[in-house]
Each structure stands twice: as C-alpha cells, then as structure tokens.
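Residue numbers (the numbering used here), protein chains in the order written: chain L, 30 to 387; chain V, 6 to 301.
Everything below concerns the one structure shown next.
Given below as structure tokens:
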C-alpha cells in the first residue's frame, strides 16, 4: 500500500515515492539478461534446435526432469562450450557497463568510462609483457596473461589515485582525471615500445588488445565471479550516495556526506570489477560508455535505476554482440571489441537523434 | 542518545564564532572573527567583495577553519561528524549545482540525506516531511518537473525546500536573491521570514544589498578585509560613515518606524552621458531613419 498524505483541501493523496528501482524495471532488466543467455546458448556455428535447448535448460532446474533429446555432443556444446562463454559475456558486459555508470556518476561526467583512470593502458602493458616474455605459453594452472593484465590495471589505477592525491587526501575529481590521463599515456607509450621491440608476438598482443570472449571451460568465469560479486554488492549499495553526490562535493558535504571517501569506495569497487573483466576478456571498448547512457535515456538519471540496469543490460548487450562475433564469419571469429563498436556506435547515434527530435 | 544532533521543534539554537581564522596561503581571508548569533535571530553578513563573508559562512559547512572555533548551540563544529553537522545546519548555496534531469521531488528529498542510513533509502517519514515542505512552499504541482524547466524564482524555492527538508535549527543562505527580480527577491525574503517565525530558525545570510539587509535582518555584521568591523541592529551599524569606510562610497541612510534602514548610494562623479555633457531630458532623435532592409 502506498503511503497517504493530505493536501491543502484536506483530501487524501498518495505520498510521492521519489525515484527508485520499481519492480517493473528490475524484472525487465533480468528478462533481457535471461533472454540474451537463452539466445546465446541456442545460436552458434553448430545449429541446435531451440526447443531442445529450452528443454535442456528446464531439465537442469531442480525437481524438473524432462528429456531434451539432445545428443551427447550437442549437450557438450551447450554446456561446456557455449554456457561458460555466455556467462562470461554476461559478467564482463555487466561489469564494464556497471562500473562505467559508477565512473560517470562519481566524476559527474557523461564521457567517463571504466578506462578513464588507466585500467586499459595498465592491463594492456601487463598483458603485452606477459605475452612477449613467453610466460604466456601455458605452463601451470594459472594463465599468466590475465594475471599480468589484472595486476597492470590495478597498478595503473593505484598510481593515478596516488598521483591525483594531495598531501594524503583523496584528490578532487579533476586532479584524479588528469592524473589518470597522464598515467594512461605513459603506460601506453611503454606498451607500444615493448610491442614494437617484439614484432614476432605482435599478432598475439594485437588480438588480446582487441578483446575476445574465448573460454576453455569454466575457469575464466570462476576467476571473475568473486570480483563481479564484490563490485555488484558495493555499487548497488552506493546508488543513494551517488545520487546525493550529483550535487557536487561542497553541497554533498553540507548534506552530511564525505565525498572523497565515497569516491574512493565507489572507484575502488568499480575499478576492481573492470580490471577483472579486462583481465579475462581484453580491451572491449564502448560497452562501459554507451550502455549507461542508453539506460539513462530509458529510466532517467537516478543511480538507483541506472546502476542495476547497467549491470543487467550491459551483460545482455555483450552476450548478443558475442553471438554476432562468433556466427557472422563462422567458423572464424571476429574480435568482439570490433562488434561492440560497429553495432554500438550507430545504435547510440540513433538514440541520440531520436532524443533530440523528441 | 549520544551523538544525536536532533533538536526538538521550537528550541532555538545560536551560532558563535570565536577567533575564527581562515588562511589562504599567507593571507588571512577570515581574521580572528568573534561573532555571536542569538538563537532564532536573522543576521546578515555584509561587506565588499573579498571581505570574507562567503568564506566565513563556509566554515559552517566544516570547511577551511585554520584557527578558532565555531559553536552551534553547545556543540563545537570541530567535534561533530559531517552527518551531525548536516542535522544542525542547512545551506542554500549561491550557485547550487543542479544535477541534469532531476525531478523536483527527488531534489527536495536529497535534503533528508543526513537522516538516512548508509544506503540513503527514503523512509516513509522522509517522504512525508519532503512532501510537507514541498506543500508549504507551493511546489506540489511541480513535483515531477525537472529543475531545468523551472523559472529562476521557482528554482530558488526548490533549493530552499531542500534545505528545509533537512530539518535543521540553523539555515544559511549565501546571496539568496542574486539572480531574482525585485518581486521574486521580496517573495523569497518574506518566505524566509515566515519560515523563521514558524520554525524558530536561526537565519544567517550573506548579502550585497544593504537596504534588503536593513529591512529583513535583526542584526547586520559588517566584514572588511577578513575582519569583523561592526555587528548590531541595522540602524546602529549602517551609518554613512561606516559605509564610506568599508565600501568607499558616499551614501545616505534613512531609518523607518520599525528600525528598517534604507541605504541610497550616491554617484561618485557625473560621467557625461552624451557628448554635450548634460543629461538629455528626452531620448535624442535618431539622426538617420532606422531601416530594416537586409544588408547586401
């Protein structure tokens, strides 16, 4: 039941709610993500009847026992090849879009994206070093390339954070951005130098930089899951604080917030999530920038809606683009970063145009 | 109940600066100011640009005090958390940052932030108080409009509503009338005066218009070069001598029956308005007829 207030004439009126994440938005977002997952399991170079995939999914539900009629090899394709990749796409897309929304909120700048503070450059350098040094040739259980990329990304963000900080206090938003830009250019320069000196591994480095969602079983998903969980929990807890922070540091402070601390917590969680995503998938661009924008056009500016829906729709978007990436030229695959930009940019422009006409 | 800074309605709370000093580099922007504001009164901070008015007010937001203390009621602002401070003092900034696309109700609801938990989720109590404030300031019909779509006067009321939703005993307004025409200036000031009476608010404003301060404030405090040079009722403080000293302008003042002071500033020199030197009594005839033909 909605709460009741009384207006000037003594009439009972519904008390306004204020913007929040209504159930409809949440259900819609979850439906979009689930729909993309089902499509991702169904579509691929090997054609498998959608009805059977659906039955196979039902069969996996507890207390449901149906025969999907899938052959053993088809079942393996669905569960061991497509499922890990689809779930990885969901996590990576969600993390990039969710942390992009958080970055845009913290910096109060619609052009911010998760790579603003040097994550991409740091991860790129880390991965390049791992590849050219040859440790990436697969020994042991841990693949060193994602690990090096993850460490590189976190080192870059930490460096930007410390350089953008004055006398031990977390810096203002603009000093942080400038420090991030400087760190990113520096690391990119180093990365380019290393890459040029090792022309024989150029192809491998290049393919990593363009981003891809290739998996070998559930390893990458398991690697990413804890960071994804932490990032989602912290960012969804921070939506109210981000809405207050939208009035700027001074006014937020006068409303009882500690802007620098909030910025630290939100950027920390968002960066960790984005760094983990980049480590397993390479540099997939555009998702972190445009998905939050599309969500904002749909739902309005409140982070109470933008952050959760960016997670869900970012995941759905990347799963769908990955379907395109692996089917268009099958059995060859296109780099997914190319597809996100190729589909994303015109779609984004369309939305911008519709908005300005309306 | 330790640490709770809530004040029951009706109780008034005073504000006192003691030896308040703010440095910017080696310069003392605010220099050892002792100023005590009685609970429930309205004080206007006056002074020329750069006198330190806004900096002094910002110390109430917990910013920049290098020496001295500020007390609100019995509590030193140095000892309270940001959240407690926001339950004592609400600030209406001169240039509020308006988040793009935000609706009026959501904006006013932001004022409840210091009363909310870690997640800043709005309780029914928060919404009820926000609604009551919006109703009081005639903002009901605007609740779902965006702030960008409002007029200057409406927007000023919305920002004021956010401050009132904070439910603080002290209300600070930095140049509340800067961008308003005279009609809306008067409306805002009278609204503040009414709200002060209803809620027992202590009101602290910075101002440039001496006559406005002279008519609305109980006391005026004049600052010059970071120092407090006078504090008292307008009729005693706003004298031609003091205005000459602090602002460097000649002025005449008149005091009405209620102690309101009107200040009229005189021109320093008669600048010629037309080549002839004399102020023309009627607009000059245009020497050539005005044509609206397009240029070729």
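Note that the Cβ used here is the ideal one computed from N, Cα and C, for glycine as well.
Three-way DSSP call (helix, strand, coil) for residue i in this model
i, result
"residue 137 (chain L)", "coil"
"residue 71 (chain L)", "helix"
"residue 103 (chain V)", "coil"
"residue 266 (chain L)", "helix"
"residue 263 (chain V)", "coil"
"residue 197 (chain L)", "Confidence is the limiting factor: at residue 197 (chain L) the pLDDT is only 46, short of 50, which leaves the residue's position unreliable and the question unanswerable from this model."
"residue 4 (chain V)", "Residue 4 (chain V) cannot be examined here, being either before or after the span of chain V that is shown, 6 to 301."
"residue 51 (chain V)", "strand"
"residue 135 (chain V)", "helix"
"residue 353 (chain V)", "Nothing can be reported for residue 353 (chain V): it is not among the residues displayed for chain V, which extend from 6 to 301."
"residue 8 (chain V)", "Low confidence applies to residue 8 (chain V): its pLDDT is 40, below 50, so where it sits in the model is not reliable, and the reading given next is rough at best. Note: residue 8 (chain V) maps to coil in three-state DSSP."
"residue 23 (chain V)", "strand"
"residue 57 (chain V)", "coil"
"residue 213 (chain V)", "coil"
"residue 45 (chain V)", "coil"
"residue 47 (chain L)", "coil"
"residue 218 (chain L)", "helix"
"residue 272 (chain L)", "helix"
"residue 94 (chain V)", "strand"
"residue 187 (chain V)", "helix"
"residue 5 (chain L)", "Here chain L comprises residues numbered 30 to 387, so residue 5 (chain L) is not present and cannot be evaluated."
Chain-ordered chain V contacts of residue i [CB-CB under 7 Å]
i, result
"residue 337 (chain L)", "Neighbours of residue 337 (chain L) on chain V: none; closest Cβ ~13 Å, over 7 Å."
"residue 50 (chain L)", "Correct list: empty, because the minimum Cβ distance to chain V is about 11 Å."
"residue 47 (chain L)", "110, 111, 114, 127 and 132"
"residue 140 (chain L)", "Going along chain V, no residue has its Cβ under 7 Å from residue 140 (chain L), so there is no contact; the nearest lies around 14 Å."
"residue 273 (chain L)", "115, 118 and 125"
Contacts of residue i in chain L (Cβ-Cβ under 8 Å)
i, result
"residue 66 (chain V)", "279, 282 and 283"
Where residue i meets chain V, residues with beta-carbon distance less than 8 Å
i, result
"residue 32 (chain L)", "129, 132 and 133"
"residue 323 (chain L)", "In chain order: nothing, as chain V lies at least about 15 Å away."
"residue 44 (chain L)", "129, 132, 133 and 136"
"residue 266 (chain L)", "123 and 124"
Within chain V, partners of residue i - CB distance below 9 Å
i, result
"residue 259 (chain L)", "Going along chain V, no residue has its Cβ under 9 Å from residue 259 (chain L), so there is no contact; the nearest lies around 17 Å."
"residue 270 (chain L)", "118, 123, 124 and 125"
Cβ-Cβ separation, residue j to residue i (assumed contact under 8 Å), whole Å
i, j, result
"residue 284 (chain L)", "residue 174 (chain V)", "That belief does not hold up - the Cβ atoms of residue 284 (chain L) and residue 174 (chain V) are roughly 16 Å apart, past 8 Å."
"residue 28 (chain V)", "residue 34 (chain V)", "7 Å"
"residue 172 (chain V)", "residue 134 (chain V)", "7 Å"
"residue 207 (chain V)", "residue 44 (chain V)", "5 Å"
"residue 167 (chain V)", "residue 112 (chain V)", "6 Å"
"residue 369 (chain L)", "residue 316 (chain L)", "6 Å"
"residue 67 (chain V)", "residue 87 (chain V)", "6 Å"
"residue 25 (chain V)", "residue 61 (chain V)", "7 Å"
"residue 328 (chain L)", "residue 338 (chain L)", "6 Å"
"residue 236 (chain V)", "residue 226 (chain V)", "4 Å"
"residue 101 (chain V)", "residue 249 (chain L)", "Not really, about 47 Å apart at Cβ, beyond 8 Å."
"residue 349 (chain L)", "residue 68 (chain L)", "7 Å"
Closer than 7 Å at the beta carbon, the chain L residues around residue i
i, result
"residue 106 (chain V)", "329 and 330"
"residue 102 (chain V)", "276, 277 and 280"
"residue 119 (chain V)", "284 and 285"
"residue 213 (chain V)", "In chain order: nothing, as chain L lies at least about 21 Å away."
Count Cβ pairs between the region 126 to 137 of chain L and the region 103 to 117 of chain L that sit closer than 8 Å; are there 3 or more?
Proximity of the region 126 to 137 of chain L to the region 103 to 117 of chain L falls short of the contact definition, fewer than three beta-carbon pairs being nearer than 8 Å.
Could you tell me whether the region 152 to 163 of chain V touches the region 77 to 89 of chain L, using the rule of 3 or more Cβ pairs below 8 Å?
Contact between the region 152 to 163 of chain V and the region 77 to 89 of chain L is absent, because fewer than three Cβ pairs lie under 8 Å.
So, does the region 217 to 224 of chain V touch the region 257 to 269 of chain V, judging by three or more C-beta pairs under 8 Å?
Enough Cβ pairs lie closer than 8 Å, so yes.
Segment contact flag, the region 291 to 300 of chain L with the region 234 to 247 of chain L, C-beta cutoff 8 Å, min 3 pairs:
No: fewer than three Cβ pairs fall under 8 Å.
Inspect the CB distances between the region 303 to 315 of chain L and the region 233 to 243 of chain L and report whether three or more fall short of 8 Å.
In this structure the region 303 to 315 of chain L lies against the region 233 to 243 of chain L, because at least three pairs of beta carbons, one per stretch, are closer than 8 Å.
Under 8 Å, with one C-beta from each stretch per pair, do the region 122 to 141 of chain V and the region 55 to 62 of chain V reach the 3-pair mark?
Taking 8 Å as the limit for Cβ pairs, the verdict is that the region 55 to 62 of chain V does not touch the region 122 to 141 of chain V.
Residues within the region 82 to 103 of chain V neighbouring chain L, beta-carbon criterion of under 9 Å
Taking 9 Å as the upper bound on Cβ-Cβ separation, chain L lies near residues 86, 87, 88, 89, 90, 91, 92, 94, 95, 96, 98, 101, 102 and 103 of the region 82 to 103 of chain V.
Per the contact definition of three or more C-beta pairs closer than 8 Å, is the region 43 to 63 of chain L in contact with the region 322 to 339 of chain L?
The region 322 to 339 of chain L, when compared against the region 43 to 63 of chain L, does touch it at the 8 Å Cβ threshold.
Using 8 Å as the Cβ pair cut-off and three pairs as the minimum, do the region 82 to 90 of chain L and the region 302 to 309 of chain L touch?
No: fewer than three Cβ pairs fall under 8 Å.
Interfacial residues, the region 284 to 296 of chain L to chain V, with Cβ spacing under 8 Å:
Cβ contacts with chain V: 284, 285, 286 and 287.
Scan the region 148 to 163 of chain V for residues whose Cβ lies nearer than 7 Å to a Cβ of chain L and list them as they occur along the chain.
From the region 148 to 163 of chain V, only 148 have a Cβ closer than 7 Å to chain L.
Report yes or no: do three or more beta-carbon pairs, one from the region 177 to 197 of chain L and one from the region 146 to 161 of chain L, lie closer than 8 Å?
The region 177 to 197 of chain L makes contact with the region 146 to 161 of chain L: 3 or more CB pairs, one atom from each, lie closer than 8 Å.
Specify whether the region 350 to 366 of chain L and the region 56 to 76 of chain L touch according to this definition: at least 3 beta carbon pairs, one from each stretch, less than 8 Å apart.
Enough Cβ pairs lie closer than 8 Å, so yes.
Taking 8 Å as the threshold, find out whether the region 232 to 247 of chain V comes into contact with the region 185 to 205 of chain V through three or more Cβ pairs.
Touching, no.
Would you check if there are 3 or more beta carbon pairs closer than 8 Å linking the region 272 to 286 of chain L to the region 87 to 107 of chain L?
These segments do not touch.
For the 8 Å Cβ check, are there 3 or more pairs between the region 202 to 209 of chain L and the region 132 to 142 of chain L?
When C-beta atoms of the region 202 to 209 of chain L are compared with those of the region 132 to 142 of chain L, three or more pairs fall below 8 Å, so the two segments count as touching.
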